[in-house]
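Numbering (our numbering), first residue to last: 26 to 522.
The C-beta atom is built at its ideal place from N, Cα and C for all residues, glycine as well.
Okay, so here's the structure we're looking at.
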Amino acid sequence: MSDAAARSATAIAADVQAGRVSAREITEKALARVAAVEPRVGAYLTVLDAAARAAADRVDACIRAGERLPLAGVPLAIKDNMALAGSRTTAASKILADWVAPYTATAVARLLAAGAIPIGKANLDEFAMGSSCENSALGTTRNPYDLERVPGGSSGGSAAAVAAGEATIALGSDTGGSIREPAAFCNVVGFKPTYGRVSRYGLIAFASSLDQIGPLAHTVADAALVYDAIAGGDPMDATSLDRPVEPASARLRDDLRGCKIGIVRQFDTQTLGDDVDAVYRRAYRDLEALGAELVEVTLPTADYGLATYYLIAPAECSSNLARFDGVRYGLRVDADDVREMYARTRAAGFGPEVKRRILIGTYALSSGYYDAYYVRAQKARTLIARDFERAFQSCDLIAAPAASCPAFRFNAKSDPYSMYLMDYYTIPMSLAGLPALSVPCGWVTPDGSTRPMPLGLQLCGPLFSEPLLLGAAHAYESATGHARAHRPALDEAVDHV
Ligand code: GLN
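Here is the structure:
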């Protein structure tokens, strides 16, 4: 991996702050790395060369003027469902392929104000619907650890950019697992804060009651740094929470003494195959070795998570995506009357998975079916949240797999249902609004391959437990160091930059 990428955000910011290196130099290195590896990885839909250089020069001027910037000069990848004023913001959809955002998302603005450098807009599954990035209508992203495999999704471009050294930190969004699963697949840390902790202003809505922005990074400490910069209420997002944010960076710890960690009875890893099972069993033992007390907890309704999510998320998406009508912005396919124009625009603009969800969601919300599907799903959601509340009476955190398998090959999950199953371990936490993260926890070599691929351990805590959660993940990460065991396959084929 390139020198620039191997360094942490913390170290880069400290160097830039102290004047040992300029933000502009860091930015040039990052852009050179992007130029060298993008043809293989395809993490970005847009590379922001000019904006990155301008931002770097601004940061350098601020530093010279004596300002303190916690992310000074840190290269940032932004998932392309977040608005950045003046840049193309596509949600990886043909319907927004040429849309230039007139404003900047709050989370992005906060990172830029903290000194981060926007390197590019990262690929995703169209409108964040998917688990592999294969639903992107605008590009293919490859897993830097095996270019024949997917990076995960929907924040696959964000995860791949960090893993490939094309950014030091990234923003992703997580509705049902879209930060945690690609983080696991690409050997990086991915963190979804409590619902409402981070403003969604400027995030193109998929399922508004679930969508949450969060960081991807090489280390838990870097993820905490990003979280500290983006968390907190925002008058532009009525669902953001205006309660004080306790900085997570200050709570990173080295052991888990006094911490009770719940292992979910329903999430038995034995069915996942011997090698995957062994990695998770080992991870649980490592938590114990760090001083945690492991307790069994039960989430009796967790198995309903998938069915619940795949009603609520499409229902909300069918309503949110109604705005793409060819009238105000985005693609328009003209016709003689307005109804035909809507139909042609939406037929041409949306990909198959997005259409499937709009259809399912519209059906679930239609009169006569609303009570049977949507209302029941909302009730199931409440039961799932209550299961977690009960579980957290006997533990501080919950440990689980982030995904049931390592990154798979392209086209391996061609039917929608097998793709939906990828979210089995991440969706229950999303439905309950809980903070959860994935941290690298070991490697397996998939059948028919010679390359080890990473797995992620998911840790989840009660609402607003971010400092505890990141603190515990940091202890696990420092004691095990799994992320460093292998390097991206990419580096075998590309000259170091
Ligand atoms: N894979 C899930 C879906 O397709 C989750 C996506 C997400 O979290 N944005 O809906």
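Item, Value
"Per DSSP, cross-strand counterpart(s) of residue 530", "Outside the displayed span of the chain (26 to 522) sits residue 530, for which this structure offers no information."
"Residue 28 (DSSP reduced to helix, strand or coil)", "Low confidence applies to residue 28: its pLDDT is 48, below 50, so where it sits in the model is not reliable enough to give any reading."
"heavy atom of the ligand GLN below 8 Å from residue 454 C-beta", "no"
"Contact test: residue 231 Cβ vs the ligand GLN heavy atom, cutoff 8 Å", "yes"
"Boundaries (first-last residue) of the alpha helix (DSSP H) holding residue 295", "No alpha helix (DSSP H) holds residue 295; DSSP gives it neither H nor E."
"Contiguous alpha helix (DSSP H) assignments of at least 4 residues, all confined to the segment 385 to 416", "401 to 416"
"Assigned secondary structure, residue 121 (DSSP; H/G/I helix, E/B strand, else coil)", "helix"
"Pairwise C-alpha distance: residue 196 and residue 247", "12 Å"
"Nearest-angstrom Cβ-Cβ length linking residue 185 and residue 99, presumed shorter than 8 Å", "Not confirmed; about 18 Å, so no contact."
"Selection from 145, 155, 199 and 168 that minimises the alpha carbon distance to residue 118", "155"
"First and last residue of the uninterrupted beta strand (DSSP E) at residue 342", "Note, residue 342: premise wrong, no beta strand (DSSP E); alpha helix (DSSP H) at 330 to 345."
"Residue 297, buried or exposed, once every other Cβ within 10 Å from all chains shown has been counted against 16", "buried"
"The ligand GLN heavy atom lying under 8 Å from the CB of residue 366", "no"
"CA nearest to the CA of residue 139, picked from 115, 84 and 153", "84"
"Residue 252 vs residue 207 beta-carbon contact at 9 Å", "no"
"Residues near residue 260 in its chain [Cβ-Cβ closer than 8 Å; skip 5 each side]", "none"
"Beta-carbon spacing of residue 483, residue 463 below 9 Å", "yes"
"Outcome for residue 174 when other beta-carbon atoms lying within 10 angstroms are tallied against a minimum of 16", "buried"
"Chain-order list of residues whose beta-carbon lies under 7 Å from that of residue 279 (same chain, five-residue window excluded)", "500 and 503"
"Span separating the alpha-carbon of residue 523 from that of residue 40", "Residue coverage of the chain in this structure runs from 26 to 522, which leaves residue 523 outside it and unanswerable."
"Those residues which DSSP pairs with residue 72 across a bridge", "145"
"Where residue 171 sits in the DSSP three-state scheme", "strand"
"Runs of beta strand (DSSP E) wholly within the segment 435 to 499 (minimum 3 residues, chain order)", "461 to 469 and 478 to 485"
"Residue 125 beta carbon less than 9 Å from that of residue 111", "yes"
"N-terminal and C-terminal residue of the alpha helix (DSSP H) that residue 229 is part of", "From DSSP, residue 229 is part of no alpha helix (DSSP H); its letter is neither H nor E."
"One or two residues paired with residue 198 in a DSSP bridge", "238"
"Counterpart residues of residue 107 in DSSP-defined beta bridges", "228"
"Residue 234 beta carbon near the ligand GLN (any heavy atom closer than 8 Å)", "no"
"Outcome for residue 11 when other beta-carbon atoms lying within 10 angstroms are tallied against a minimum of 16", "Given a span of 26 to 522 for the chain in the structure shown, any question on residue 11 remains unanswerable."
"Of the residues 193, 249 and 107, the one placed nearest residue 224, counting alpha carbons only", "107"
"N- and C-terminal bounds of the alpha helix (DSSP H) containing residue 133", "131 to 138"
"Beta-carbon separation (whole angstroms), residue 408 vs residue 399, contact threshold 8 Å", "Going by Cβ atoms, the distance from residue 408 to residue 399 rounds to 15 Å, so no, they are not a contact pair."
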